[in-house]
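K.L.:
Residue numbers (our numbering), protein chains in the order written: chain F, 189 to 404; chain B, 154 to 413. Cβ coordinates follow ideal geometry from the N, Cα and C atoms, glycine included. Just so you know, these numbers come straight off a predicted model, no measurement behind them.
Right, here's the structure in full:
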């Protein structure tokens, strides 16, 4: 369970504080795969970063007892001068994974990078990068996976593979997803949070949330 | 995923950043990571050649290259490099902070440890080289020398952290700090001992805690040098105050720094 209690987030600007989230009270159950919906600038990514613990609420608290992944976005947290393997090794180290060989080989295979895995991440195309960062996240066992537009890139074969991988993980994990791809959301999620008018509402039904979102 | 204690998380993270920093710092250079050691090594050799060429026993109590060794090595690596690395940690840590267990403080720690390790490695290489050339480079009182070095090192890390944090509010501080390095070398009695400075000028220099560190290191390194000004209590108080300042400033502001 991830619980938001009275969470507000604002960014100081020269026009005064600009609120992205205001007095948010929300509970994300463990057995729900949640899509975050909202227009550009509504605070979708901010919400994801707050859940991921790499940004902090200006007021209020976020309480959780789960292992939450880093927000998976394109090439986030990757050092471009290091090779794919070295980046995986680094992430293994900070997560206390001692069996880094296995994870490295898993990522190499899953990402379909072949020899490129031994080349600097700088040299990857954006498609390769998205495959790679997705594969890296699948190499670790989290309780909740945070995904920021990560599945919208890549070829169709790989997309299918990603969705299968997520379905496998789902037995003991859930996902929180930011995406503009409604078909994907319908397939992958069974709940949604709609960010609109400075509020965030939790919907048990994805269709209802999408309907509300599209009529904004 | 296994639950870890806060300590083991921090240990894992600092180690991971330590390795990553070592790999990436010179990765674009032809010689790669060799530069990590080569850079300070070449600089030291250059200083020794320049000053050593003026003749031996420049200050009466020790041979010139050994004097340079005992002064420039701690100052360049433990003070200047540690301070600069900490002050610039914020900018290069951007990508690392995408992981929730990585905090800015871990980057500070990893960078400080790297410079400490470099100090030891470069010191040993240079010392062995000088032994080969028939000098007597090793400290007279090794433990005491190293403890003074540790104080200087922690002081540099604290100052660097403070500079880095103030720099996140006002970038001008970065410029000021890099301008400070050169005059600080003159003011810290790096390439001369305080015993050759006339007494009436002491008062202008002794406020500087780095000078005390340099003089104390010299005393412990050379058995026959007694500094006229060195004050251990002043040095340790300055270090503790700076460290406390840096830690509390970090505690108060790290969320704001990360959010930028």
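Is the region 248-265 of chain F close to the region 322-334 of chain F, with three or more CB pairs under 8 Å?
P.N.:
yes
K.L.:
Nearest CA to the CA of residue 404 of chain B: which residue from B:170, B:314 and B:254?
P.N.:
Reading the second chain from its first residue, position 251 is the one you call residue 404 of chain B. Comparing Cα-Cα distances from residue 404 of chain B to each of B:170, B:314 and B:254, the minimum goes to B:314.
K.L.:
Can you say whether residue 394 of chain B is buried or exposed, counting buried as having 16 or more other CB atoms within 10 angstroms of its CB?
P.N.:
Here residue 394 of chain B refers to the residue found at position 241 of the second chain. Label assigned to residue 394 of chain B: exposed.
K.L.:
So, helix, strand or coil for residue 312 of chain B, using DSSP?
P.N.:
Here residue 312 of chain B refers to the residue found at position 159 when the second chain is read from its first residue. It is helical.
K.L.:
Per DSSP, which one or two residues make a beta bridge with residue 247 of chain F?
P.N.:
Along the first chain, read from residue 1 onward, the residue named residue 247 of chain F stands at position 59. According to DSSP, residue 247 of chain F bridges with F:196.
K.L.:
Is residue 381 of chain B near residue 347 of chain B, with beta carbons less than 8 Å apart?
P.N.:
Looking up residue 381 of chain B in the second chain gives position 228. Looking up residue 347 of chain B in the second chain gives position 194. Cβ atoms of residue 381 of chain B and residue 347 of chain B: closer than 8 Å.
K.L.:
What does residue 248 of chain B touch in chain F if you count any residue whose Cβ is under 8 Å from its own?
P.N.:
By 1-based counting over the second chain, the position of residue 248 of chain B is 95. When 8 Å is used as the limit between beta carbons, residue 248 of chain B is near these residues of chain F: 264, 265, 266 and 267, in chain order.
K.L.:
So, with DSSP's three-state summary, where would you put residue 298 of chain B?
P.N.:
For the purposes of this step, residue 298 of chain B is taken as the residue at position 145 of the second chain. Residue 298 of chain B falls in the helix class under three-state DSSP.
K.L.:
Residues of chain B with CB closer than 8 Å to the CB of residue 328 of chain F, please, in chain order.
P.N.:
On the first chain, residue 328 of chain F is found 140 positions in, with the first residue counted as 1. Under a criterion of Cβ atoms nearer than 8 Å, the residues of chain B adjacent to residue 328 of chain F are, in order, 154.
K.L.:
Go ahead and label residue 234 of chain B buried or exposed: buried means 16 or more other beta carbons lie within 10 angstroms of its beta carbon, across all protein chains shown.
P.N.:
Residue 234 of chain B sits at position 81 when you count from the first residue of the second chain. Residue 234 of chain B counts as buried, since no fewer than 16 other beta carbons sit within 10 angstroms of its beta carbon.
K.L.:
For residue 279 of chain F and residue 233 of chain F, what's the separation of their Cα atoms in angstroms?
P.N.:
Position 91 of the first chain, counted from the start, is the residue given in the question as residue 279 of chain F. Position 45 of the first chain, counted from the start, is the residue given in the question as residue 233 of chain F. Using only the alpha carbons, I get a separation of about 22 Å.
K.L.:
Using a Cβ-Cβ cut-off of 8 Å, state whether residue 203 of chain F counts as contacting chain B.
P.N.:
In the first chain, residue 203 of chain F corresponds to position 15, counting from 1. No, its Cβ sits nowhere closer than 8 Å to a Cβ of chain B.
K.L.:
With a threshold of 8 Å between beta-carbons, can residue 384 of chain B be considered close to chain F, or not?
P.N.:
Start at 1 with the first residue of the second chain, and residue 384 of chain B comes out as number 231. Not closer than 8 Å to any Cβ of chain F, the Cβ of residue 384 of chain B fails to qualify, so no.
K.L.:
By a C-beta neighbour count over all protein chains shown, 10 Å radius and 16 as the cutoff for buried, is residue 289 of chain F buried or exposed?
P.N.:
Residue 289 of chain F sits at position 101 when you count from the first residue of the first chain. Exposed, since its Cβ has fewer than 16 Cβ neighbours within 10 Å.
K.L.:
Between which two residues does the beta strand (DSSP E) carrying residue 384 of chain B extend?
P.N.:
As a working mapping, residue 384 of chain B is identified with position 231 in the second chain. Counting along the chain, no beta strand (DSSP E) covers residue 384 of chain B, and no H or E run does either.
K.L.:
Is DSSP giving residue 155 of chain B helix, strand or coil here?
P.N.:
Position 2 of the second chain, counted from the start, is the residue given in the question as residue 155 of chain B. In the structure shown, residue 155 of chain B adopts coil according to DSSP, grouped into three states.
K.L.:
Is residue 342 of chain B close to chain F, meaning its C-beta is less than 8 Å from at least one C-beta of that chain?
P.N.:
In the second chain, the residue the question calls residue 342 of chain B occupies position 189. Not closer than 8 Å to any Cβ of chain F, the Cβ of residue 342 of chain B fails to qualify, so no.
K.L.:
Quick check on this structure: which residue in B:279, B:248, B:360 and B:365 has the alpha carbon closest to the alpha carbon of residue 174 of chain B?
P.N.:
Here residue 174 of chain B is taken as the residue at index 21 of the second chain, counted from 1. Nearest C-alpha to residue 174 of chain B: B:248.
K.L.:
By how many angstroms is the C-alpha of residue 325 of chain F removed from the C-alpha of residue 339 of chain F?
P.N.:
Reading the first chain from its first residue, position 151 is the one you call residue 339 of chain F. Reading the first chain from its first residue, position 137 is the one you call residue 325 of chain F. Cα-Cα distance, rounded: 12 Å.
K.L.:
What separation, rounded to the nearest whole angstrom, lies between the Cα atoms of residue 276 of chain F and residue 384 of chain F?
P.N.:
Working through the first chain from its first residue, we reach residue 276 of chain F at position 88. Working through the first chain from its first residue, we reach residue 384 of chain F at position 196. Rounded to whole angstroms, residue 276 of chain F to residue 384 of chain F spans 37 Å at the Cα level.
K.L.:
Identify whether residue 271 of chain F lies in helix, strand or coil by the three-state DSSP scheme.
P.N.:
Start at 1 with the first residue of the first chain, and residue 271 of chain F comes out as number 83. The answer is strand: DSSP assigns residue 271 of chain F an E or B state.
K.L.:
At least one CB of chain A closer than 8 Å to the CB of residue 248 of chain F: is that the case?
P.N.:
Looking at the structure shown, chain A is missing, and the protein chains on hand are F and B.
K.L.:
What are the boundary residues of the alpha helix (DSSP H) that residue 286 of chain F is part of?
P.N.:
For this step, residue 286 of chain F is matched to residue 98 along the first chain. Counting along the chain, residue 286 of chain F falls outside any alpha helix (DSSP H), and DSSP gives it neither H nor E.
K.L.:
Run the CB neighbour count on residue 345 of chain B, radius 10 Å, all protein chains shown included, and call it buried at 16 or more, exposed below.
P.N.:
Locating residue 345 of chain B in the second chain gives position 192, where the first residue counts as 1. With fewer than 16 Cβ atoms within 10 Å of its Cβ, residue 345 of chain B is classed as exposed.
K.L.:
Is it right to say residue 291 of chain F is buried, meaning 16 or more other beta carbons lie within 10 angstroms of its own, or is it exposed?
P.N.:
If you number the first chain from 1, residue 291 of chain F lands on position 103. Buried, because 16 or more other Cβ atoms sit within 10 Å of the Cβ of residue 291 of chain F.
K.L.:
Mind listing the chain B neighbours of residue 282 of chain F? Cutoff is C-beta to C-beta under 7 Å, in chain order.
P.N.:
Here residue 282 of chain F corresponds to residue number 94 of the first chain, with the count starting at 1. For residue 282 of chain F, the chain B residues whose C-beta falls within less than 7 Å of its own C-beta are 165, 166, 169, 252, 254 and 255, listed in chain order.
K.L.:
Output yes if chain F places a C-beta closer than 8 Å to the C-beta of residue 181 of chain B; else output no.
P.N.:
By one-based count along the second chain, residue 181 of chain B stands at place 28. Answer yes: the Cβ-Cβ gap between residue 181 of chain B and chain F drops below 8 Å somewhere.
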